[in-house]
Each structure stands twice: as C-alpha cells, then as structure tokens.
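These notes concern the structure reproduced below.
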Amino acid sequence: MGLSGIEIFKKLPKTNCGKCGVPTCLAFAMKLATGQAELDACPDIPDAVKEEIGEASAPPVKTVVIGTGDRAVKLGGETVLFRHEKRFENPPAFTLLLSDKMDEAEITTRLKKFNYTVYERVGVVLRPELVAIKAESGDASRFGTLVEKVCNETDAGLVLMNEDTEALSQVARSCSNRKPLLYAANKNNFETMGNFAKELSCPLAVKAGNLEELFEVSEKLIAMGLKDLVLDSGARSAKQAFEDQIIIRRSALLKKSKPFGFPTIVFPCEMADNLMKETMIACQMTAKYGGVIVMSEIEGHSIFPLLLASMNIFTDPQRPMAVEQKIYEIGATNESSPVLITGNFSLTYFIVSGEIDSSRVPSYLLIKDTEGLSVLTAWAAGKFAADTVATFVKKSGIEEKVKHRKLVIPGYLATISGELEEELPDWEILIGPREASHLPAYLKQLKI
Amino acid sequence: MAFEVPKVSYTGKIREIPLGREGSTVTVGGESCYSFHLFEGEMPYTPKIAMEVYDSEPEDWSDTALEPFADVIKDPVAWARKCIDTYGAEMIALQLASTDPNDKDISADEAAKITKKVADAVEVPLIVWGCANVEKDTEVLKAVCEVCEGKNLIIGPVVEGNYRAIGAAAIAYKHTVVASTPIDINLAKQLNILLGNLNVPDEKIIIDPSTGALGYGLEYCYSVMERIRMAALVQEDERLQFPIISNLAKEVWKTKEVKVTEAEAPLLGDLGKRGILMEALTAQCVLLAGANILVMRHPEAISLVKQSIKDLMTGK
Ligand code: SF4
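Going down the list, the protein sequences come from chains R and X. Under my numbering, residues 1 to 448 are what the first sequence spells out, in order. Under my numbering, residues 1001 to 1316 are what the second sequence spells out, in order.
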C-alpha cells in the first residue's frame, strides 16, 4: 500500500495506449492504487519502475501462489484485519494430508475423494485445494513414489513436506513445474532450503518453534532474496495458534513487518484426535487468518461446512451476491405447481428456495434480476417495479410451463399488486407471506 | 529489527451482566479485549451456551436434532430438565414458537403458564424467546414477565415496535431484556439508547444483532458483531458495551443442508455429523466475532463448542 493513484501515475509511461485494458494511464493508476489491477497488465513499464511501484503498492501480506494453471491457488494479499474494513481477498486453501506411511489403497481412496469433492454455490466453485505429502517413513524412495502418484492422479497444487533437505530437493526437482510449496526451511537449514527454493522458483514454507524464531528466519530468507514465503509459527494448540495468527497479521498490517508479511500454514490435523474437533479448529483458522489449512481427512460432512464458512467470511461485504435471473424448479413441478417471484439477492434465493423445498410443495421460483438487492431495497431502487416484473414474467417462459395464471409475490410488496395486475392482465396476483419462514404453511394451504 | 507484539489498547469494557435469579446467577460479559485475545486483555466470564426447549412438540425437525430429545419432546419441563441433568446445560432458552399467529397461535395466557412451569422447574437462567411477531410478542412477553416476577428471565426479542411495553414489564417484574435489531450497528445502538431512556437498567440489557446460519448470511451477523465489539472496546461507544446473544440453532436447523440425506447428496457426507458441524461451526464463527450467549440445540454440537471455548481460554 502507501502509494496513491497520482503517485503511481507519475511513474507510468503516460502514453494512454490502452494496452492495460483501461483507456488511460491515470485510470490504470487509480485501479492499481485500489488493488483492482495488476501491475503486469501494462507491458510498457520499465522493470526498475515496476519493482519500485510493486514494492510500494504491494499489499502488506504478500500474495503467494501455489500450483499452476487452473489449479493455481493464491494466498495472502490481505490488507485488513476485519472483513468489514474492506474485504478479505483470498480464502484459505483446505489441504489434504497424505503420508508416505499410509498404504497405497488408502491413499488412492483419499485422493479420489479429494478430487471429486467439488461444490458449486451461487456460481462459485468450492473445493479443497491442495494436497500435502509428508515424509514419515524415512524411506526417500517411498516419498518419491508417493509424490509421483499424486502428480499423476491430480492437477491440484502440492505441499511437499520432508525434513530431509536432500530427499526433498530431489523430489521437488522432479515436479518443480507444478510450483509446489516446499516445507520447510528452519533455523538450521534455511540457507540450503532458501537457495534451493530460489533455484526452482517455488514458494517456501518457514517453520519455527515460536514467533521470535519465525521472525528471524523469515528476515534472513528475505535478505537472501526470497519473495514467496509461507509462515508456520510452530503453534500446535488452538489457543497458541489463534494468538500467533493474530500477531502475524497485525504485525504485517500495523507495523509493516516484512518478515510477517506472508500467508500462513496451519495444522488442525495435528491439533485434534478426531475430525469433528479438527473441523472446529479449522473453522477458527478460517475466520482468523489461516492460509494453507492442513486437514487429516477430506469428508463431506466436515469440508462442506468449512467451505461454507470460508465463503461467508471471504464474501466481499460491499458487493451483494446475486444469483442468475431465471426460473428455478424446486421439486417435481408440473403444470399446476405454484409460481412465486422474488429478487436475486443470493441470500433471498437460498432462504426462499430452502423454505419451498422444506414445504415439499413442488413450485416454480422466478428469480428476477434485482442487481443483488433484497426485495425491499430493490423495490425502493426501482428494480422491482411492476413494469419490469411484468416484462420478466412474460419473457421468462413460465407461461408455457404452467396452465394456471397465479403469481405469488413477496408479502412486503403488497403495494405493487394492483399495478402488476394491470401490467399482467392474464395473471392473478397473490400476496405471499412477509417472512420466508411462513412459506411452507402458506404453500400447503394454497389452492391453484 | 526486533520483533514486537503489536497490541491493541482497549479503552472500553463490556458490562458484566448477572443472569437468572439471586443465589444462582450466571454472569456474562466483562471482556476488556476482543474475543479470546487473552494476550492483551481479559475475559473474566467464559461465553455460555443456552440449550433450546420448545413450548410444544416441534413438527419439522430433522431426525438428527430430534433424536436426543425424543423422550421429552412433548413436555417442556421434562425437556428442560433433561438438558440440565443429562447434558449439563448452563442456561435454558424456551422458544415460544407456538405463539406464532401463523403457527399454532396459542394464547398469551397459555404461553405464560408453560413458561411459569419451566421457570419453576429449572434453577439455571431462563431465556424466553417469542415468535418475532411484534404485536403477539408484546402480549405474550408481558404476560410472561408478570407470572415470573423476580426470576430475572432473559426476555426477547424486544424490538423497536414493542420495546416500551415489554421494557416497562421487564422493569416492573425485574427481568433482563434482549434488544433485537436487524443486522445493523446503528439500529442496535439506537434501541439500547431507547431502552435506557425508558429506564431499563444497564445491567438488564443484552444485544441480539440477529443471526444467520452458516451459508445463509452468517457473514452479515459476523461482521455486525465484530463492529459492535470494536465500537464498544476501542471507540468507547457506551451504548454498545453490552454482552451479545446469538439465537442460532433455529436458523441452522431449518436449512436444506442439515436435512438432505447422504443418499440424495453423497458429496455432503454423513447427515448426522454434518448437521452437528453446521451448528457447531455457526457457533464457532459468532463466538469469535464476540457472542457471549449462544442458543444451541444438539448436545454434540454443544460439546464441540464447549471444548473449543475451553481450548481457546486455557490452551488446554
Ligand atoms: S498500458 Fe501502460 S502505458 Fe498504456 S495506457 Fe495502460 S498504463 Fe498507460
């Protein structure tokens, strides 16, 4: 941070060539200053200037990328301590831990589960992102074989965990094109590991016994020229990890501490003896600043709630989330199923569709684009006016799906029913309940 | 450059509020730091969990939620006792759901009778929660205040539309009020000011900034709680220095995700454990954001949250 748009603008080529995707250098500078553009989008900035601006405008928690292609995971890039102050940028990467001590069948099953665990919610893809491979057998060839197997069976990013730097470097060399996170440099081996990570241009984890040590080792690695670090303070209890995560983030943001200006790696898998408790700790880390969150298992009942928590916490508080404008069919609908309409604020959609679902009355839910606003706000802003609602109803294709012409509108919008009846002369407008929770009772007594 | 722990200097403190009747009160609040930031402040009273009891048999509960209470589901008194005797509940939250005009619409008198029975049967603090219909709650909660005089119940939701009537009854019969507002820090503050003007004592106010379930708007509640705590602790906003309650169980247990079976949605995993974690994770998030009292349902979710509170407080 630090540099204003104008300060950045002074350093740009000022040709207004538009190659960066915005029409002027000034516009580009403004976007850079607010973190909405990447410096690399302008091809004409001299390298020296790039470094200078990059340095000054970089977020206090550096963005570190693990993995490549579609499965590259961005971590860090954070600029605030509380989500309401602006927004959190990059959600944590839930990571499956595999050990070279596990038997092969077990590994195959876990990897498979990892690969097919993908959810979609409001158009956002949610999934566990990384696989951590840990050397525990003491047999370098076993470790190598496992890494090779994982590379073959998933495109996901990797975390390579091996205390034996020699063994780690051999294996890392064979898959450095996947940009794995190397785990880890410590106070004894940081020179070897640092040089090695630099040579392969892979991100490097730093592991210490406590925060002071972490600070020192990180500082030394920065001095060696390393840019992509991931921090492990060594805490293995919920309380200590909580404290360390907060101190690390605060130091980066409030003290501009460079050694702590990186994303973190945390290990709920080493902090609980069952998956339920492990999930609670992982949730704590999701809210309070965990980066790579390593789990002993990926099971739907645990990872799904965790991904929801992560999605909630990392939602941009300034931008209402929206779902697509269309007809949603809930349950086994037919030509005499009820038809309801509401706005496209995602929360409205989730709550209303959930209530319809639990009513067990199959229904059509028309979701009108209200630019992500809730129904009342949308109506006040003219996004749920009778004429626009009518146009949408006509174009939606619902008239081909049902024989009746009864439309249920939200109870809060009773005032538009008269106007809407004028705009939709074939339709009878019914006023639904004000609260979604009353929908099941309403739908059960509704006669079409 | 040496490393130095950047500490926040807190200038405010959350009020300590004793709940329940004399001789067996449970105190909440008293924090001089953000939740669990024990390296720079104190949390003299750990957050508490109130177990839900319903005034009549719930109709739409999932098997997961129903199972632990199957033997007491028709009897609020037995239900409350089971929560205390079997599950060690620190508080009870009686949900007067059947007072809802869109539901069974039981009368204020009947609701008051049920409440009195439960209140007489439990020694722990009792939260009594209406159906969130402004007019009906006014009637019901006034009646409840009267028949339970002196028991220092925690009465809610008290909203802008009925705070005068319920507030006056709470003052007269010595109860604590839950000031409820829809996810908005300014409205929360405003209602607390109004309650103060009405002469509701400061040690009789709890804030309810509204709760959404995990995946259903939790983020809004999370942030409004964090903002309330920030205002209270570092911006010396006196009218926000009250403990926070989160009535979360009923939000979580009505979502689709706690009801869909594993056969219908294999990716969502075990139905029972998933429901428990949906509740426990919602609780975990609001705890970190600043909640002091959590209204919860499933005994296993509660035990996970208790463990988590203990871990964060004591470091094991
Ligand atoms: S590409 Fe560079 S030079 Fe061209 S308009 Fe954008 S910022 Fe200016």
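Using N, Cα and C, we set each Cβ at its ideal position, and we do this for glycine too.
Asked                                                                                                                                                                        : Found
Under three-state DSSP, which class holds residue 1129/X?                                                                                                                    : strand
Comparing the C-beta of residue 371/R with each C-beta of chain X, is any distance below 9 Å?                                                                                : no
In the segment 310-336 of chain R, which residues sit with their C-beta less than 9 Å from some C-beta in chain X, listed in chain order?                                    : 311, 312, 313, 314, 315, 317
What residues in the segment 1009-1043 of chain X bring their beta carbon closer than 8 Å to a beta carbon of chain R?                                                       : 1036, 1037, 1038, 1039
Report the residue from 441/R, 163/R, 198/R, 363/R whose alpha carbon sits nearest the alpha carbon of residue 456/R.                                                        : As displayed, chain R neither begins before 1 nor continues past 448, which places residue 456/R out of reach and without an answer.
Can you find the residues in the same chain that come closer than 6 Å, C-beta to C-beta, to residue 390/R, ignoring five residues on each side of it along the sequence?     : 423, 424
Listing by chain order, which chain X residues have their CB less than 7 Å from the CB of residue 245/R?                                                                     : The contacting residues do not exist; residue 245/R stays about 11 Å from chain X at best.
Could you spell out where the alpha helix (DSSP H) holding residue 1307/X opens and where it closes?                                                                         : 1299-1314
Work out the CA separation of residue 30/R and residue 6/R for me, nearest whole Å.                                                                                          : 7 Å
How would you call residue 116/R, buried or exposed, if buried means at least 16 neighbouring beta carbons within 10 angstroms?                                              : exposed
Cα separation between residue 161/R and residue 68/R?                                                                                                                        : 19 Å
In whole angstroms, what is the alpha-carbon distance linking residue 209/R and residue 233/R?                                                                               : 6 Å
Assign residue 1109/X to buried or exposed, taking buried as 16 or more other Cβ atoms, counted over all protein chains shown, within 10 Å of its Cβ.                        : exposed
Any beta carbon from chain R within less than 9 Å of residue 1091/X's own beta carbon?                                                                                       : no
Residue 288/R: which of 305/R, 320/R, 308/R, 249/R sits nearest, CA to CA?                                                                                                   : 249/R
Buried or exposed: which applies to residue 443/R, given that a residue is buried once 16 or more other Cβ atoms fall within 10 Å of its Cβ?                                 : buried
Give the DSSP-derived three-state secondary structure of residue 21/R in the structure shown.                                                                                : coil
Show which residues of chain X have a CB atom less than 7 Å away from the CB atom of residue 374/R.                                                                          : Under the 7 Å cutoff, chain X gives no residues; its nearest Cβ is about 10 Å from residue 374/R.
By the DSSP assignment, the beta strand (DSSP E) with residue 303/R in it spans what residues?                                                                               : Segment 300-314 is the alpha helix (DSSP H) holding residue 303/R; no beta strand (DSSP E) there.
With a threshold of 8 Å (Cβ to nearest heavy atom), would residue 19/R be considered close to the ligand SF4?                                                                : yes
For the ligand SF4, is there any heavy atom lying closer than 8 Å to the beta carbon of residue 44/R?                                                                        : yes
Verify the CB distance criterion: does residue 951/X have a CB-CB separation below 9 Å to chain R?                                                                           : Nothing can be reported for residue 951/X, as the shown portion of chain X is limited to 1001 through 1316.
Are the C-beta of residue 1/R and some C-beta of chain X separated by less than 9 Å?                                                                                         : Residue confidence for residue 1/R is low, a pLDDT of 45 falling below 50, so the modelled location carries little weight and cannot support an answer.
Return the residue from the list 291/R, 301/R, 263/R, 171/R that minimises the CA-CA distance to residue 1266/X.                                                             : 301/R
Nearest to residue 436/R by CA position, among 155/R, 242/R, 358/R, is which residue?                                                                                        : 358/R
Does chain R have any CB closer than 9 Å to the CB of residue 1266/X?                                                                                                        : yes
Could you tell me whether any Cβ in chain X is nearer than 9 Å to the Cβ of residue 118/R?                                                                                   : yes
Suppose you measure from the CA of residue 1309/X to the CA of residue 1046/X; what does that come to, to the nearest Å?                                                     : 8 Å
Write down the C-beta distance between residue 321/R and residue 261/R rounded to the nearest angstrom, noting that I regard them as a contact closer than 8 Å.              : That pair is no contact at about 30 Å.
Could you list which residues in chain X have their beta carbon closer than 9 Å to that of residue 385/R, in chain order?                                                    : By Cβ distance, chain X contributes nothing, its closest Cβ being about 24 Å from residue 385/R, past 9 Å.
State the CB to CB distance for the pair residue 1117/X and residue 1077/X, rounded to an integer number of angstroms; the pair is presumed to be in contact (CB under 8 Å). : 5 Å
Since residue 59/R and residue 34/R are thought to touch, with beta carbons under 8 Å apart, how far apart are those beta carbons, to the nearest angstrom?                  : Residue 59/R to residue 34/R, Cβ: 11 Å. No contact.
Compare the C-beta of residue 66/R with all C-beta atoms of chain X and state if any pair is closer than 9 Å.                                                                : no
Got a sec: is the Cβ-Cβ distance from residue 446/R to anything in chain X below 9 Å?                                                                                        : no
Indicate the three-state DSSP secondary structure (helix, strand or coil) for residue 1006/X in the structure shown.                                                         : coil
Considering only heavy atoms of the ligand SF4, does any lie closer than 8 Å to the CB of residue 117/R?                                                                     : no
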